Structure formats: structure tokens, C-alpha cells
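Here the protein sequences come in this chain order: P and R.
The first sequence begins at 0 in numbering that gives the first Met the number 0 and counts up by one.
The second sequence begins at 0 in numbering that gives the first Met the number 0 and counts up by one.
Right, one structure below, let's go through it.
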Amino acid sequence: MKKLVALVVAAIMLLSLTSVFAEAPKTITMWCIATESDANRPAYEAAIAEIEAQYNVKIEWEAFENQSYKTKIKAAMADASTLPDIFFTWAGAFCGDFAKAGNVYCLEDAYKAYADALPAVMLQNASYDVDGNGAKPYAVPLTMNIVTLFANMDLLKQAGWDAVPTTYDDLIACCDDLVAAGIIPFGCSGSETWCVTEYLEPIIEKTIGYEKLNKIFAGTESWDDADIATAVDTFQYMINKGYFDPDGLSLGNDQVKANFIAGKYAFYQNGSWNCGEVNDAEGNFQVALFPVMNAEKATYGQVIGGPSDSLAVAATAEDPAFVADVAFALGKAICHYGYLAGSGLPAWTPDYDTSAVKPLVAAVADIVANSEGMVLFGDTAMSADPANIYLDYVSKVYGCAIDGAGFVAGLTEALPVAE
Amino acid sequence: MKTTGTYKLHILLFLLPGLILFIGILIAPIVMSVYYSLFDFHQIDGSDRVFKGIENYVTLFSRTLTNPVTGNVYENTKFLGDALVNALLLALLSTFIQLPIALLIALRLGKGIKGERAYLSVFFMPVLISTVIIGRLWMNIYDPGDAGILNAGLRALGIDQWLFPKISEGITSSTLKFKGQWTGFKETALIAAFIPILWQYVGYHALLMYAGVKGVPTDLLEAASLDGCTEGQVNRLIIIPYIKPILRVCVVFAVTGSLKSFDLVYALMKDTTKAELPSTLMYKLLYLHNDYGMGSTIAVILIVLCFAFALLISLIFRSRGEKVA
Numbered sequence: 000m001k002k003l004v005a006l007v008v009a010a011i012m013l014l015s016l017t018s019v020f021a022e023a024p025k026t027i028t029m030w031c032i033a034t035e036s037d038a039n040r041p042a043y044e045a046a047i048a049e050i051e052a053q054y055n056v057k058i059e060w061e062a063f064e065n066q067s068y069k070t071k072i073k074a075a076m077a078d079a080s081t082l083p084d085i086f087f088t089w090a091g092a093f094c095g096d097f098a099k100a101g102n103v104y105c106l107e108d109a110y111k112a113y114a115d116a117l118p119a120v121m122l123q124n125a126s127y128d129v130d131g132n133g134a135k136p137y138a139v140p141l142t143m144n145i146v147t148l149f150a151n152m153d154l155l156k157q158a159g160w161d162a163v164p165t166t167y168d169d170l171i172a173c174c175d176d177l178v179a180a181g182i183i184p185f186g187c188s189g190s191e192t193w194c195v196t197e198y199l200e201p202i203i204e205k206t207i208g209y210e211k212l213n214k215i216f217a218g219t220e221s222w223d224d225a226d227i228a229t230a231v232d233t234f235q236y237m238i239n240k241g242y243f244d245p246d247g248l249s250l251g252n253d254q255v256k257a258n259f260i261a262g263k264y265a266f267y268q269n270g271s272w273n274c275g276e277v278n279d280a281e282g283n284f285q286v287a288l289f290p291v292m293n294a295e296k297a298t299y300g301q302v303i304g305g306p307s308d309s310l311a312v313a314a315t316a317e318d319p320a321f322v323a324d325v326a327f328a329l330g331k332a333i334c335h336y337g338y339l340a341g342s343g344l345p346a347w348t349p350d351y352d353t354s355a356v357k358p359l360v361a362a363v364a365d366i367v368a369n370s371e372g373m374v375l376f377g378d379t380a381m382s383a384d385p386a387n388i389y390l391d392y393v394s395k396v397y398g399c400a401i402d403g404a405g406f407v408a409g410l411t412e413a414l415p416v417a418e
Numbered sequence: 000m001k002t003t004g005t006y007k008l009h010i011l012l013f014l015l016p017g018l019i020l021f022i023g024i025l026i027a028p029i030v031m032s033v034y035y036s037l038f039d040f041h042q043i044d045g046s047d048r049v050f051k052g053i054e055n056y057v058t059l060f061s062r063t064l065t066n067p068v069t070g071n072v073y074e075n076t077k078f079l080g081d082a083l084v085n086a087l088l089l090a091l092l093s094t095f096i097q098l099p100i101a102l103l104i105a106l107r108l109g110k111g112i113k114g115e116r117a118y119l120s121v122f123f124m125p126v127l128i129s130t131v132i133i134g135r136l137w138m139n140i141y142d143p144g145d146a147g148i149l150n151a152g153l154r155a156l157g158i159d160q161w162l163f164p165k166i167s168e169g170i171t172s173s174t175l176k177f178k179g180q181w182t183g184f185k186e187t188a189l190i191a192a193f194i195p196i197l198w199q200y201v202g203y204h205a206l207l208m209y210a211g212v213k214g215v216p217t218d219l220l221e222a223a224s225l226d227g228c229t230e231g232q233v234n235r236l237i238i239i240p241y242i243k244p245i246l247r248v249c250v251v252f253a254v255t256g257s258l259k260s261f262d263l264v265y266a267l268m269k270d271t272t273k274a275e276l277p278s279t280l281m282y283k284l285l286y287l288h289n290d291y292g293m294g295s296t297i298a299v300i301l302i303v304l305c306f307a308f309a310l311l312i313s314l315i316f317r318s319r320g321e322k323v324a
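Here it is as C-alpha cells:
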């Protein structure tokens with residue numbers, strides 16, 4: 000009996016010793032913009048719980064409101080020691096400035112383990128030539144988004160249309176029919192300039208083609224193009240014809256979106272992150288792309304958007320290679336849960352059951368799969384100063400304070416081609 | 000006998016903590032802003048800093064710029080002139096509309112009326128509400144649709160039929176017609192921002208003036224009354240001169256507050272270009288454009304203007320023999 004007791008006591012001691020020497024979870028800090036009200040919040044929560052268990056890590060994360068986060072992360076870059084291990088960033092010039100300042104860990108090696116699940120093309124927007132040895136990836140894409148034309152099919156039917164117009168002439172005819180039926184064709188917020196770009200950029204792209212627009216946003220080609228002026232004039236023609244809700248000039252995007260969902264407008268052109276919300280709303284909605292304006296230079300399948308929302312690893316992280324691996328796994332998981340929830344399209348190739356994906360989200364995913372060219376959102380593709388000069392001009396376009404010629408002339412001089 | 004000189008070291012030691020705080024919190028940031036305003040840089044750590052001298056100041060006051068390569072002229076989207084004019088207009092409206100209203104309220108309440116405290120609380124309440132909430136509240140009031148109480152009221156009374164076309168005639172910044180989008184046009188946005196500012200701060204100034212009115216010795220008022228002064232004469236000849244130091248403080252607050260005004264305009268209009276003020280432009284240049292040199296230049300201009308106006312107002316209000324504070 001004594002031997003048995005001794006054996007049990009020894010076993011208990013051994014077990015307790017095992018627990019003492021068991022590896023305590025590593026702590027990884029993270030900043031992001033998935034606040035309580037953000038559509039991506041549930042995806043972040045589910046992904047973090049999954050990765051914490053998988054990697055035996057404790058992710059201490061904080062979420063900040065979008066605009067204040069931009070200020071916070073830029074301020075933190077001035078003193079890299081204040082950066083968290085993983086931080087949310089937008090691809091394009093936003094992350095490029097941080098990478099070029101040497102504050103972001105290069106993910107070239109960490110990517111190799113995930114190359115099968117994440118197509119290299121998805122890393123392009125966050126790849127930078129920092130050391131003169133070619134572009135390398137510096138951020139893990141999460142979801143991707145494109146500008147989508149949402150259509151209220153019930154309202155279109157009232158105007159005699161059973162399908163979303165796919166040519167410009169049809170769109171104009173449809174808008175005329177809608178106006179005649181007392182329905183406002185489009186809603187667009189004028190108090191948030193990025194919402195105006197959601198209309199203007201696709202119109203410009205469908206006039207001059209995605210390749211040229213990419214070069215203009217990259218600063219390697221001039222804005223001096225008569226077709227851009229024509230595109231702007233076309234947009235203003237639609238505004239002046241009464242195709243846009245005049246109230247939109249002083250409304251915020253939330254109000255405009257609410258109006259669309261409530262059935263006030265037939266069309267609403269905005270980011271595909273709205274798919275889940277529109278899908279869940281009452282009514283018959285479909286998604287499409289803005290039609291081609293100049294068939295010689297553009298095709299219907301050219302889209303505005305691409306992977307932008309990303310996670311980056313701070314160069315100051317204690318074990319950057321391990322943190323980079325966690326960032327990739329986390330990015331993949333956020334993409335997975337976000338896609339299923341309808342808060343974005345997958346930048347990662349789905350390796351899970353997608354039958355539960357909401358129909359509108361699946362429809363946009365299909366559009367992306369068949370896209371014939373992509374241009375990243377202008378204010379993301381350009382660095383901060385030119386992006387905001389560009390937005391100042393866009394703001395004047397919606398208010399009809401300048402015409403196409405003024406827009407082109409101003410931007411040609413204000414944003415000259417990089418030497 | 001020990002003189003002040005004997006205690007020089009002690010005095011210095013006792014002054015030192017306050018002096019360090021004063022220099023560290025007020026003087027050093029101003030000096031740094033002046034220094035930064037002489038450079039062009041877009042990286043927050045200043046790694047791309049290029050010395051420009053007073054070029055930033057010149058650029059901010061240039062309505063147009065010239066492309067150095069083509070020689071073509073184009074519009075300067077960072078032009079400060081319009082924002083300064085808007086701020087000065089706001090200061091004028093605050094001084095000549097907001098403060099007289101506050102004075103009338105203070106004079107009326109200061110005489111002692113039934114429910115005096117309750118009225119005071121009601122007038123002061125907007126000061127206690129967060130500006131963001133006030134911005135949201137007025138966004139709803141200005142809503143161009145039927146949800147907006149202002150436009151709904153105008154439509155119900157039929158006033159919109161003649162008012163909106165008249166406003167449209169005055170709009171030169173756009174070819175679009177005014178249909179009740181108060182925050183959508185340059186010509187109406189500043190007024191739309193001023194009304195909530197007036198509403199929010201009139202109670203604050205009224206409270207300050209009310210305290211002054213209550214401090215007027217009753218024997219003075221009684222003497223005036225016995226001499227046959229009317230209420231208007233008492234107000235004009237006794238109370239207002241008596242509360243002149245408070246009026247001066249109110250004017251300084253109203254003018255410098257207008258120059259620094261930011262939060263309500265930002266909360267009311269996310270795109271502030273239609274009612275641009277120096278502070279909103281500074282925010283845009285610092286945090287959206289990452290143009291830290293230009294942003295610092297506006298900060299310096301604002302500091303100089305606020306000091307200059309405070310001094311000017313003190314000079315205007317100076318009584319004979321009184322020194323300027």
C-alpha cells in the first residue's frame with residue numbers, strides 16, 4: 000500500500016513538474032482596425048482564437064478607428080520601438096513608405112511555406128524594391144475588394160429592366176427610364192470624397208484602360224490625356240442629367256448606403272465589402288461592373304480594387320521569422336472567416352467548403368476570378384501627398400466646380416510624372 | 000537685512016519646476032514648429048527633410064503655383080488664404096452676433112427673473128455636450144431629405160420654393176442647383192457650421208457675462224435708478240462698462256476660438272474643403288498629406304495670429320492708464 004501511495008505521489012509530482020516546464024505561450028502584440036462595429040471584427044476574433052491554439056501564442060491585440068489608426072501607425076513609425084509585432088496596413092504606397100524606412104520585416108522567406116495557398120499576384124501590391132534587388136513582399140494580404148455596382152432589381156423592373164445594363168448606352172437608357180418612373184438611379188456621398196472615386200475611377204478605367212490608369216497612379220505616366228477629360232465630363236453629364244441623388248452632395252456614405260438598401264436608389268457603386276450587408280437586406284439585389292465607355296481601350300472585366308488590407312511584421316519584432324509565420328497563418332484565417340461572413344473576397348485560395356458563402360459575395364468572387372485587369376484604388380496606390388491632392392480634385396468634380404479639362408490640366412501640373 | 004539678491008538661488012530653485020514645464024510644454028513646441036516650418040518633409044522621422052527657408056509660407060499664401068518644368072500655372076490645393084478668410088468671417092460673426100446675444104441673455108437673467116437658474120442651465124447645456132454629438136445632431140437637422148427638420152420645416156411652410164432658387168443664384172462654386180444641401184456647397188457650408196457653433200457657445204459667454212452682471216454693486220444700480228435712469232441707460236452706462244474686462248475675455252475667446260475652430264466643422268462635414276478653416280487644413284496637411292513642413296507652417300501662423308489678435312483686442316479694450324496684459 001505504501002508503495003502504491005509513493006507511486007501516486009511520485010506521479011503527481013512528475014505531472015506538476017511537467018506543467019512547470021511546459022512552454023508558456025509567447026506573447027505577440029498586434030494593432031488593427033477591426034473595431035467592435037467593423038464588419039471584419041468576427042473574422043478577426045475567430046482567426047485569433049484559432050491561431051492562438053495552433054501556435055501556442057497569446058495575441059494581445061488592439062483595434063483602432065480607421066482614420067485615427069492612420070495617424071497612430073505613422074506616429075509609431077517615427078519611433079519603431081513603439082510598434083507592435085504585427086500591424087494592419089494598406090498595401091500600395093501606404094505600406095511602401097514604412098518598408099522603405101526599414102521598419103517592416105521582409106516576408107520573402109516566410110512566404111515560401113504559403114506559396115501554394117496564396118497566389119504570388121496577391122502580394123504584388125505590397126511588394127517593394129527596398130534595397131535595389133527587386134521587389135519583395137512586405138505584407139500579408141487578408142481579404143481583397145473591388146468596386147462593385149450594386150443594383151436593386153425590383154426598382155429596375157419597375158422601370159422595365161430585367162437585367163443590369165452592361166453597355167454605356169443601355170445604362171443611360173436605363174437611367175432615363177428610371178428617372179421617368181420617378182426613381183433616382185444613383186446615390187453617392189459627396190461628403191466623403193473616397194465615395195466619389197468609387198464612381199469616377201471605374202469610369203476613367205473603362206475609358207482609358209487599366210494599364211494606363213495603373214501607370215498614372217504609379218506616377219510613370221501623365222494625367223494629360225483627353226480621354227480622362229472625356230470620362231470626367233461623362234460623369235458630370237450623368238450628375239447634371241439628374242441620375243445622381245442631389246441630396247448625396249451633403250450626405251455621408253452610411254446614409255447613402257442606407258438609402259440604397261431602403262430602396263431609394265436603383266444603383267449604388269461602392270466597395271465589395273458591402274456585399275454581406277446588401278445580401279442580408281430585404282430585396283432583390285445583383286452585382287455587376289460599370290460598363291465600358293471606350294471599347295478600343297478597355298474591357299468590361301477590368302476592375303478597380305485588389306488586395307489592400309494586409310498585416311505586416313515590424314522589423315523590431317523579437318523573433319521576426321516566427322512572427323512572420325504567425326502573421327501568414329493569421330492572414331489566411333482572417334481571409335477564411337471574412338469570406339464566409341461576406342466582409343471581403345478571398346485573397347487566399349479557399350481550401351474549405353464555400354457552399355455557405357453568400358450569393359452576392361460569390362457573384363463578386365466570380366467577377367474577380369474572370370477579371371481582365373486590376374487597378375488598385377487611387378488613394379491607396381499613390382503616396383499620401385499626391386493621393387490627397389488627387390482627392391481634392393475629385394471632390395471638385397462631384398461638386399461640378401471644375402470640368403474634365405480643368406481636372407486633367409490641374410493634375411497634370413500638380414502631379415507631374417516622376418523622373 | 001537680507002535683500003532679494005540674497006535669495007536669488009532660492010527663487011531660481013522654486014521657479015525652476017514651473018519654468019521647466021512652461022518651456023517644455025509651451026515654448027519648446029512653438030520653437031520646434033517654427034523650425035519644422037522651414038523644411039519640406041513627408042517622413043514623420045524627418046529622414047527626407049530638405050531646408051526650404053520661408054518657401055512654405057510663400058506657398059501657403061499663393062493661390063496658384065507654377066510647374067517648374069512646364070512653366071504652367073495650376074491651382075494650389077494647399078492655399079491657406081480662403082481658410083483664413085473663413086476663420087476671420089467666423090470670428091466676426093462670433094463677435095458681432097454670438098456675443099451680443101450672450102450679452103442680452105446675461106443682462107436679462109442678471110436682473111433676476113423667475114427661473115433664472117433654470118434658464119442659465121438650459122443655455123449652458125450645449126457647452127457640456129460633446130462637439131462630436133453636436134455635429135451629429137446638426138447633421139440630422141441639415142439632412143437634405145425629409146428627415147432633416149430644417150428642410151422639412153421650410154418645405155412645410157413653402158419657404159423652400161423661393162429661398163432655394165435664391166440661394167442657387169448665389170452659388171458660383173458649382174453648376175449644381177441648391178436643393179437644401181446646406182453642407183454641400185461652399186457658399187452655405189460655413190454658415191451651416193457657424194450656427195451650431197453659435198448655439199453651442201452662446202451659453203458659455205452668457206454665463207461669464209452673467210457672473211459679471213451679478214457682480215455689479217447694487218448701490219450703483221439703485222443710485223442710477225433714483226437718478227431716473229431707464230433700464231437701457233443702466234445697461235449702457237453702468238453694467239456694460241463695469242463688465243468690460245469680462246467682455247474683453249469673451250471677445251478674446253470668441254476670436255481665438257474661431258481661428259482655432261476645428262472639431263465641429265470636422266464632425267459636421269467629413270470633407271471639410273467646403274468650409275475650410277486653418278485648423279482643418281493643418282490637420283489635412285499633417286495627417287492626410289503627411290506634409291509635416293506645411294502643417295507646421297500653418298501651426299506657426301495660427302499661433303502668431305492668436306497672439307496678435309489677443310493683443311489687439313486688449314489694446315482696443317484698454318482703458319486710459321491701464322496696461323495691456
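Just so it is clear, CB atoms sit at the ideal spot from N, CA and C, and this is done for glycine as well.
Source: prediction; values computed, not measured.
**Request:** Closer than 8 Å by C-beta to residue 315 of chain P: which residues in its own chain qualify, once you throw out the five before and the five after it? Chain order, please.
**Result:** 79, 80, 82, 102
**Request:** Helix, strand or coil for residue 375 of chain P, going by three-state DSSP, please let me know.
**Result:** coil
**Asked** Any chance the segment 51 to 67 of chain R sits against the segment 398 to 410 of chain P, with 3 or more Cβ pairs inside 8 Å?
**Response** no
**Message:** Can you pull the chain P neighbours of residue 292 of chain R, defined as C-beta to C-beta under 7 Å?
**Reply:** None at all; the shortest Cβ gap to chain P is about 11 Å.
**Asked** Would a check of beta-carbon distances place residue 281 of chain R closer than 9 Å to chain P?
**Response** no
**Request:** Work out the CA separation of residue 84 of chain R and residue 403 of chain P for me, nearest whole Å.
**Result:** 28 Å
**Prompt:** Taking the C-alpha atoms as reference points, what is the distance between residue 220 of chain R and residue 149 of chain R?
**Reply:** 43 Å
**Message:** Determine, for residue 399 of chain P, whether the minimum Cβ-Cβ distance to residues of chain R falls below 9 Å.
**Reply:** yes
**Message:** So, under 8 Å CB-CB, residue 212 of chain R and residue 106 of chain R are touching, yes? Tell me the CB distance rounded to an integer number of Å.
**Reply:** 6 Å
**Item:** Endpoints, the alpha helix (DSSP H) within which residue 31 of chain P is located
**Value:** Per DSSP, residue 31 of chain P belongs to no alpha helix (DSSP H); it is in the beta strand (DSSP E), 25 to 31.
**Message:** Could you compute how far the alpha carbon of residue 192 of chain R sits from the alpha carbon of residue 186 of chain R?
**Reply:** 11 Å
**Prompt:** In the DSSP assignment, what are the bridge partners of residue 127 of chain P?
**Reply:** P:135
**Message:** Under 8 Å: do the segment 332 to 352 of chain P and the segment 30 to 48 of chain P share three or more Cβ pairs, one atom per stretch?
**Reply:** yes
**Message:** Among P:416, P:405, P:417, whose alpha-carbon lies nearest the alpha-carbon of residue 72 of chain R?
**Reply:** P:405
**Request:** Quick one: give me the first and last residue of the beta strand (DSSP E) that residue 309 of chain P is part of.
**Result:** 308 to 312
**Prompt:** Do residue 249 of chain P and residue 360 of chain P come within 9 Å of each other at the CB atom, strictly closer than that value?
**Reply:** no
**Prompt:** If we count the other Cβ atoms within 10 Å of its Cβ and call it buried at 16 or more, is residue 24 of chain P buried or exposed?
**Reply:** exposed
**Message:** I'd like to know whether the C-beta of residue 306 of chain P is nearer than 9 Å to at least one C-beta of chain R.
**Reply:** no
**Request:** With DSSP as the reference, label residue 139 of chain R as helix, strand or coil.
**Result:** helix
**Asked** In chain order, what residues of the same chain lie with their CB nearer than 7 Å to the CB of residue 212 of chain P, ignoring the 5 residues before and after it?
**Response** 203, 204, 374
**Request:** Can you tell me which of the three DSSP states residue 202 of chain R falls into?
**Result:** helix
**Whole beta strand (DSSP E) elements within the segment 202 to 255 of chain R, 3-residue minimum** = none
**Prompt:** Whole alpha helix (DSSP H) runs in the segment 40 to 68 of chain R with 4 or more residues, listed along the chain?
**Reply:** 54 to 59
**Request:** Would you please verify whether the beta carbon of residue 30 of chain R is less than 9 Å from any beta carbon of chain P?
**Result:** no
**Asked** Skipping 5 residues on each side, what residues in its chain have a beta carbon closer than 7 Å to that of residue 220 of chain P?
**Response** 211, 214, 416
**Prompt:** In this structure, does DSSP put residue 364 of chain P in helix, strand or coil?
**Reply:** helix
**Spatially closest choice to residue 96 of chain R from R:178, R:146, R:195, by CA coordinates** = R:195
**Prompt:** Is the beta carbon of residue 199 of chain P sitting closer than 9 Å to the one on residue 234 of chain P?
**Reply:** yes
**Prompt:** Across which residues does DSSP place residue 284 of chain P in a beta bridge pair?
**Reply:** P:151
**Asked** Would a C-beta distance cut-off of 9 Å place residue 280 of chain R and residue 398 of chain P closer than the cut-off?
**Response** no
**Prompt:** By the criterion of Cβ-Cβ separation under 9 Å, what are the contact partners of residue 76 of chain P in chain R?
**Reply:** 42, 43, 44
**Contact between the segment 269 to 287 of chain P and the segment 347 to 363 of chain P (3+ Cβ pairs under 8 Å)** = yes
**Request:** Please name the residue in R:183, R:198, R:253, R:76 whose C-alpha comes closest to that of residue 191 of chain P.
**Result:** R:183
**Request:** Establish whether the CB of residue 181 of chain R and some CB of chain P are separated by less than 9 Å.
**Result:** yes
**Request:** On a CA-only basis, which of R:82, R:269, R:155, R:12 is nearest residue 59 of chain R? Give me that one, please.
**Result:** R:82
**Prompt:** Looking at residue 106 of chain P and residue 323 of chain P, is the spacing between their C-beta atoms short of 9 Å?
**Reply:** yes
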